[in-house]
Each structure stands twice: as structure tokens, then as C-alpha cells.
Amino acid sequence: MRVHDALRKAFTKFNAYADPFTLMELEGFVLSALKEGEPGQAQRTLIDNVRDVLARSDDPDPEGRAKAIVDYVLQLCSRGCTS
2 MRVHDALRKA FTKFNAYADP FTLMELEGFV LSALKEGEPG QAQRTLIDNV RDVLARSDDP
62 DPEGRAKAIV DYVLQLCSRG CTS
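All residue numbers for the sequence shown refer to my numbering, where the first residue is 2 and numbers rise by one.
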């Protein structure tokens with residue numbers, strides 16, 4: 002699976018909007034979080050960036066949904082994702 006597709010599926014599943022260019026910007030952060038493995042600074046940065054995307058679209062709970070979206074993306078990519 003491609004990282005872009007995993008992000009698109011996650012945003013769709015959680016009924017959140019992100020344009021294709023925003024998803025492309027997030028791809029690098031996902032790859033960094035996957036390389037790091039265990040939850041750490043790269044995953045925190047990814048959550049912060051997803052939270053910012055959600056906050057720009059006036060999401061009522063950007064922090065909670067960002068964590069859920071990131072967890073789902075990392076789950077989808079657990080068997081490997083390509084850029």
C-alpha cells in the first residue's frame with residue numbers, strides 16, 4: 002500500500018477533509034514515524050501536523066481525531082508502505 006492511499010483511507014474513515022497536496026506533505030512524516038518504530042518524536046510530530054490540518058477545517062476535536070487518524074494510518078502501514 003502507498004502512504005498516500007493509507008492517509009486518504011484514514012481521513013475518509015474519520016470523515017475528515019484533507020486535499021491531495023496536504024496528504025502529500027504528510028507522507029514524509031508518516032515514513033519517518035514508520036522508520037522510528039515505537040511511538041516517539043516522529044509520531045508526535047505527525048500527530049501535531051494532522052491536528053493542524055484538522056484545526057484549519059474547524060474540527061471540533063482535532064487532538065483526539067488526529068491521534069485516531071495517525072494510529073489508523075500506522076496500522077494500515079504495519080506490513081509496509083511505499084512512498
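For every residue, glycine included, the Cβ atom is placed at its ideal position computed from N, Cα and C.
- Task: Report the option in Tyr73, Glu39, Glu37, Leu24 whose CA atom is closest to the CA atom of Asn50.
- Result: Leu24
- Item | Endpoints, alpha helix (DSSP H) assigned at Ser58 | Ser58 -> no alpha helix (DSSP H), and no H or E assigned at all.
- Pair within 8 Å by beta-carbon distance, Leu55 and Leu27: In this structure, Leu55 keeps its C-beta atom at 8 Å or more from the C-beta atom of Leu27.
- Query: Do Arg57 and Phe15 have their C-beta atoms within less than 8 Å of each other?
  - Reply: No, the Cβ-Cβ distance between Arg57 and Phe15 is not below 8 Å.
- Could you check which residue in Thr83, Ala19, Met2, Arg3 has the C-alpha nearest to that of Asp60? Closest by alpha carbon: Ala19.
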